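Counting in our numbering, the sequence shown runs from 1 upward without gaps. Even for Gly, the Cβ is constructed at its ideal location relative to N, Cα and C. All values reported here derive from a predicted model rather than from experimental measurement. Here's the structure we're looking at; comments come further down.
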Amino acid sequence: MQLLTNTKKSMFKIFNKNLFILFTIFLSAITLQAQGNGKISGLVVDADFGEPLIGVNVLLEGTMIGSATDIEGKFAISKLTPGKYNAIVSMIGFTKQVITEIEVKQNEVAKIQVILQTESFETEEVVISAKLVMNTEASLLAKRQKSIEVSDAVSAEQFQKMGAGNAADAAKQIVGATVVGGKDVFVRGLGDRYTSTNLNGAQIPSADPYKRSGSIDIIPSNLIDNIQAVKSFTPDKPGDFSGGSVDVKTKDFPDQFSMSLSASSKFNSELTFNGDGLNYHGGSSDWLGFDDGTRALPTEVGKDTWIADVGAAQRDDKMAQEINDVTNSFNSQMSPFKSAAPLNQSYALSIGNQYEVLGKQVGLIGSLTYKNDHSGYINGQLNRWDRGVADPNKTQLDTNFTMSDTRSISEVVFGGLFKASMKLNNANTVSFNYLYNQSGESTSRYVNGKYPYDIDASWNYQARTLLYNERSLQSYQLEGNHSLESLGGLKVEWLASSMNSNQYDPDNRFFYNYETNTGVFGVKSNLPPERYFRETNETQNRFNLNVTYPFQVWGNRVSNIKVGGAYSKTDRTFDERRFVYNPVTSLGTILRNEEGNVDDLFSEKYLGWTTQDTLSNGMTLNRFSLYINETDQTSSNYTGNNEILAYYGMVDLPISSSLRVIAGARFESTDMKVVSAKETIEDAIINTNDILPSLSIIYNPIQNMNFRISYGRTLARPSFREISPFQNYEFNGGDTYVGNPEL
């Protein structure tokens with residue numbers, strides 16, 4: 001058994017190397033000569049489905065200058081002399097539109113959005129005045145109105161206005177979404193098991209041993225274009241959500257050279273410059289969001305479970321020295337000290353542009369973000385009451401505990417994004433997306449008060465906690481969009497994705513004691529001083545393929561048949577080691593001698609091999625006061641893997657101008673396995689095949705009004721932890737969990 005203490009260092013080095021290479025290429029491209037004069041760019045979608053239209057002709061009136069929309073419905077007309085233009089937008093089967101008064105300025109981009117109506121038997125040309133700036137929120141609303149599923153979304157425009165710092169903060173604005181613990185999104189009140197979180201359409205792996213879906217608070221808001229929450233199931237979506245699916249879309253490259261730099265600072269009236277806050281000594285790289293090894297498991301402990309045989313060591317100097325070395329190799333700080341928090345600060349840099357390379361249009365965007373945030377509270381209240389023994393005549397609650405609670409949290413988030421996209425032609429686009437985010441959170445906490453549920457009501461209970469939680473998310477994504485006009489406008493979309501999520505909790509420390517009303521200190525035997533080392537690493541590789549074939553039905557209405565498949569493979573490792581301090585001399589006695597000073601308790605005076613006595617027979621006896629031992633956590637450590645193979649088919653059929661039916665089914669094969677590090681524990685296995693039908697009916701009685709009815713069968717797969725047939729201690733809440741392989 002070996003804790004993966006070097007994983008974070010290597011991942012951060014990989015990130016630095018990758019980001020350096022990508023930004024070197026990107027900044028070199030920035031030096032290319034920018035295209036002169038002005039530019040018109042825009043998006044063309046159809047009014048019936050809100051889908052982008054490929055091959056739409058956009059011609060500037062009175063000229064031979066024009067363009068055609070690509071597979072994403074986008075077009076661009078460059079190198080225009082400043083002035084006002086009219087654009088004629090036309091496509092067979094749709095009503096022609098003329099966009100007037102488009103003002104082009106030097107080195108600026110005039111943006112327009114066009115919605116084409118399906119052509120009827122008698123039509124007239126539609127003339128619309130141009131809007132120079134496209135309203136992002138309005139665009140998302142229009143897309144939602146035409147969507148085949150029930151969905152809500154929030155754009156970068158909106159969460160920048162509200163000051164959201166990360167994706168979780170932004171998701172709070174989505175109707176029906178709740179953010180729990182500042183990091184996990186629940187849709188319609190259902191927990192993480194019923195919610196799927198995605199990045200650009202690929203599921204985010206979870207590094208939390210107790211959660212199935214990945215947390216999104218690690219993704220800074222300045223790297224995000226929009227966040228969408230889908231609340232009804234359609235067969236082209238993964239079948240493992242019941243509450244909803246949340247998809248975070250990262251930034252796309254701009255229409256012209258764009259560079260933004262922002263910096264901000266915040267003042268917390270409770271903690272900033274207040275010397276009553278808490279802290280503890282960390283590492284030199286905490287400001288970058290990762291531990292430099294200060295909290296790493298000492299090498300003296302070794303790979304195998306450490307068991308200190310004090311009885312034998314009393315007469316064996318070599319063994320006594322080994323126990324002494326291991327015990328003193330751990331950081332002796334077990335109690336926080338008072339400290340004032342500095343100002344919160346954040347910085348963001350984003351650069352992007354489009355270029356023409358070998359006759360192909362290439363778009364690049366790069367973004368960096370850094371945040372150092374301090375939060376918490378001083379002298380908060382932590383209280384609990386319960387009814388005790390169930391008694392229908394009881395009118396008062398019993399006091400479980402009443403505590404004064406002080407907590408200080410320092411969080412650093414550092415990350416980067418790089419995206420490159422190449423338009424091979426109007427019908428084919430390929431793009432690459434790389435994202436890395438690193439988060440380090442240090443927590444210091446002191447709780448003091450009455451705990452009549454567990455100790456005498458007149459005594460004081462004290463708890464000291466020092467935590468460090470390090471998380472990272474790394475994503476590589478390659479995707480393509482293709483339109484095959486020779487096959488009737490067949491559209492092919494594919495995505496290859498590899499993501500890694502890591503959570504590292506090094507040297508989390510806990511110390512509990514009580515003090516009687518006569519000044520006597522004590523430590524309960526079932527709550528010894530302890531420290532945890534834990535690491536969870538999860539990697540997910542995924543490939544999605546979607547094929548859409550449009551065809552006409554009655555009344556020249558356009559219908560779509562969509563088929564596709566997906567394959568994903570998820571691998572997880574979980575390693576945990578727990579160490580407790582065993583006293584030879586009563587901890588209460590030592591605390592009383594040191595007048596309750598916890599730092600003195602964990603000094604060299606009491607740790608490890610303290611003295612050596614010479615007996616009357618000339619033999620020596622080694623003495624110990626406090627030494628460290630490891631509890632056997634082999635049964636809690638495990639590896640898990642999950643393979644999912646899926647196929648689906650669906651049809652989007654307009655019955656009439658106001659009635660639309662979407663129907664289909666998805667097949668998913670699940671092969672899930674958890675293997676304990678302890679060989680005597682049986683493997684947990686899930687092997688199932690599921691058919692997931694779906695039916696949606698959309699009724700549009702008048703413009704801008706939809707009635708939706710949806711039915712779908714989805715899956716609620718358990719997490720690796722939930723099907724693991726062994727127990728695990730959750731130190732943030734103090735509960736012990738036991739998995740159930742029968743789920």
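Member of 244, 332, 249 whose CA lies at the smallest distance from the CA of residue 531: When each option's Cα is compared against that of residue 531, the closest is 332.
Supposed close pair residue 445, residue 406 - CB separation, criterion 8 Å: The Cβ separation is near 7 Å, so the contact holds.
Proximal residues to residue 33 (C-beta, below 7 Å), its chain only, five neighbours per side dropped: Note on residue 33: pLDDT 42, under 50, position unreliable in the model; no value is reported.
Top-ranked residue by Cα proximity to residue 448, from 513, 491, 682: The closest CA to that of residue 448, considering only 513, 491, 682, is found on 513.
Residue range of the unbroken alpha helix (DSSP H) whose run includes residue 368: That residue, residue 368, is in no alpha helix (DSSP H); its beta strand (DSSP E) goes 360 to 386.
Buried or exposed (CB count within 10 angstroms, at least 16 for buried), residue 246: Counting C-beta atoms within 10 angstroms of its own C-beta, residue 246 has 16 or more neighbours from the protein chains shown and is therefore classed as buried.
Residue span of the alpha helix (DSSP H) that contains residue 703, given as start and end: For residue 703, there is no enclosing alpha helix (DSSP H), as DSSP marks it with neither H nor E.
Beta-bridge pairing of residue 405 - partner residues as DSSP gives them: The partner list for residue 405 (beta bridge, DSSP) reads 380, 447.
Continuous beta strand (DSSP E) assignments of at least 3 residues falling wholly in the segment 523 to 553: Within the segment 523 to 553, the complete beta strand (DSSP E) segments of 3 residues or longer fall at 530 to 553, listed in chain order.
Residue 306 (DSSP reduced to helix, strand or coil): Residue state, collapsed to three classes: coil.
Within 8 Å, strictly: CB atoms of residue 581 and residue 529: With respect to residue 529, residue 581 sits close: the two C-beta atoms are nearer than 8 Å.
Residue 577 and residue 538 closer than 8 Å at C-beta: No, the pair does not count as a contact, with Cβ atoms beyond the cut-off.
Three-state secondary structure assigned by DSSP to residue 271: DSSP, read as helix, strand or coil, puts residue 271 in coil.
Nonlocal neighbours in the same chain, by C-beta distance under 6 Å from residue 781, ignoring five residues either side: Outside the shown range of the chain, which is 1 to 743, sits residue 781, and nothing can be said about it.
Euclidean distance between Cα positions of residue 619 and residue 584: If you draw a straight line from the Cα of residue 619 to the Cα of residue 584, it is about 21 Å long.
Proximity winner among 408, 234, 383, 410, relative to residue 397 (alpha-carbon distances): The shortest C-alpha to C-alpha distance from residue 397 to any of 408, 234, 383, 410 is the one to 383.
Coil, strand or helix - residue 193 by DSSP: Residue state, collapsed to three classes: helix.
Local Cβ density within 10 Å of residue 691, reported as buried at 16 or more and exposed below that: Burial call: exposed.
Neighbour-count burial assignment, residue 638, 16 or more Cβ in a 10 Å radius: Of the other Cβ atoms in all chains shown, 16 or more fall within 10 Å of the Cβ of residue 638; this residue is therefore buried.
Straight-line gap, residue 651 to residue 294 (C-alpha atoms, nearest Å): Roughly 58 Å between the two C-alpha positions.
Contact under 8 Å by Cβ, residue 104 with residue 80: Against a cut-off of 8 Å, the Cβ pair of residue 80 and residue 104 comes out as a contact.
Reference residue 119, options 420, 327, 110, 95, closest by Cα: Looking at the Cα atoms, 95 is the closest of the given residues.
Unbroken alpha helix (DSSP H) run spanning residue 88, endpoints: Taken as a continuous stretch (DSSP letters only), residue 88 belongs to no alpha helix (DSSP H), being part of the beta strand (DSSP E) at 83 to 90.
Pairwise C-alpha distance: residue 552 and residue 189: Between residue 189 and residue 552, the alpha-carbon positions lie close to 40 Å from each other.
Residue 281, buried or exposed, once every other Cβ within 10 Å from all chains shown has been counted against 16: Counting Cβ neighbours within 10 Å, residue 281 comes out exposed, since fewer than 16 surround it.
Residue 321 versus residue 404 - alpha carbon distance: Approximately 41 Å between the Cα atoms of the pair.
Chain-order list of residues whose beta-carbon lies under 7 Å from that of residue 122 (same chain, five-residue window excluded): Confidence in residue 122 is poor, its pLDDT being 47 and thus under 50, which makes the residue's placement unreliable; the coordinate value appears in the next sentence. Correct list: empty, nothing qualifies.
Residue of 349, 696, 720 minimising C-alpha distance to residue 233: Among 349, 696, 720, the Cα nearest to that of residue 233 is on 696.
Of the listed residues 453, 486, 511, nearest to residue 598 (C-alpha basis): Closest by alpha carbon: 511.
Residue 499: first and last residue of the uninterrupted beta strand (DSSP E) it sits in: In the DSSP assignment, residue 499 falls within the unbroken beta strand (DSSP E) covering 490 to 515.
Cβ-Cβ separation, residue 714 to residue 242 (assumed contact under 8 Å), whole Å: Indeed they touch by this definition, with Cβ atoms about 5 Å apart.
The segment 39 to 59 / the segment 87 to 101 touching (three or more Cβ pairs under 8 Å): Cβ pair count under 8 Å is three or more, so yes.
Beta carbon of residue 470 nearer than 8 Å to that of residue 292: One thing to note: residue 470 has its Cβ no nearer than 8 Å to the Cβ of residue 292.
Separation of residue 550 from residue 693, as counted between CA atoms: Within the model, the alpha-carbon separation for residue 693 versus residue 550 is close to 22 Å.
Cβ separation of residue 589 and residue 641, assumed to be a contact under 8 Å, to the nearest whole Å: Cβ atoms of residue 589 and residue 641 stay farther apart than 8 Å, at about 50 Å.
Inter-residue spacing [alpha-carbon to alpha-carbon] between residue 252 and residue 154: Roughly 16 Å between the two C-alpha positions.
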